[in-house]
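Data block below; observations after.
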Ligand code: FES
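In my numbering, the protein residues as written are 1028 to 1160.
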């Protein structure tokens, strides 16, 4: 026996899907809170490619290495609609849901639709250890 959904059921499901899309992104959210706690070591220097970065989804932080030995960190929550950025390479933090890109050097917008930079986050680097400040 097969079940054919009624027109009303299909419309209800479509509305629910559209509402989920409007609400933000899975794993992201509109808030900038994170699981980041000072002193934690969420990454090691070897995890972070030069001219790229490592996205720490749980901490909602992206750690970048614009130049060899120079490490920076930014919020990984996209300033457009709150998705977590998914990648950082070739000088850009990107693969955000709607195509925004941010500079690995300073978090500034290099491609919209985002208009605001990614806020900076404080880290410390001791040897090969990257810690949240
Ligand atoms: S949420 Fe990042 S580009 Fe839309």
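No residue lacks a Cβ here, since even glycine has one placed at the ideal position from N, Cα and C.
Practice item. Using beta-carbon positions only, say whether residue 1145 and residue 1110 come within less than 9 Å of one another. Key: no
Review point. Given that a residue counts as buried once 16 or more other Cβ atoms are within 10 Å of its Cβ, and exposed if not, what is residue 1091?
Key: Burial call: buried.
Exercise for review: Tell me, to the nearest whole angstrom, how far the beta carbon of residue 1157 is from that of residue 1103; I am working on the premise that it is less than 8 Å.
Suggested key: Not quite, the Cβ-Cβ distance comes to about 14 Å (not below 8 Å), so this is no contact.
Check your understanding: What three-state label does DSSP hand residue 1147 in the structure shown?
Key -> strand
Exercise for review: Provide the residue span of the beta strand (DSSP E) that contains residue 1082, from first to last.
Suggested key: 1079-1083
Check your understanding: Mind checking whether residue 1141 and residue 1093 have CB atoms under 9 Å apart?
Key -> no
Check your understanding: Three-state secondary structure (DSSP) at residue 1128?
Key -> strand
Review point. Which two residues bound the contiguous beta strand (DSSP E) that contains residue 1072?
Key: It is not in any beta strand (DSSP E) - residue 1072 carries neither H nor E in the DSSP assignment.
Check your understanding: When the cut-off is 9 Å and only beta carbons count, does residue 1141 lie next to chain D?
Key -> Among the chains of the structure shown, chain D does not appear; only one protein chain is present.
Practice item. Return the chain-ordered list of same chain residues with a C-beta closer than 7 Å to the C-beta of residue 1152, the five sequence neighbours on each side being excluded. Key: 1072, 1098
Review point. First and last residue of the beta strand (DSSP E) that includes residue 1089?
Key: 1088-1094
Review point. Ordered along the chain, which non-local residues of its own chain (more than five positions away) have a Cβ less than 8 Å from that of residue 1122?
Key: Here the set comprises 1112, 1113, 1114.
Exercise for review: Hey, could you find the ends of the beta strand (DSSP E) residue 1100 is sitting in?
Suggested key: Counting along the chain, the beta strand (DSSP E) containing residue 1100 begins and ends at 1097-1102.
**Study point:** Buried/exposed call for residue 1100, threshold 16 Cβ in 10 Å
**Key:** buried
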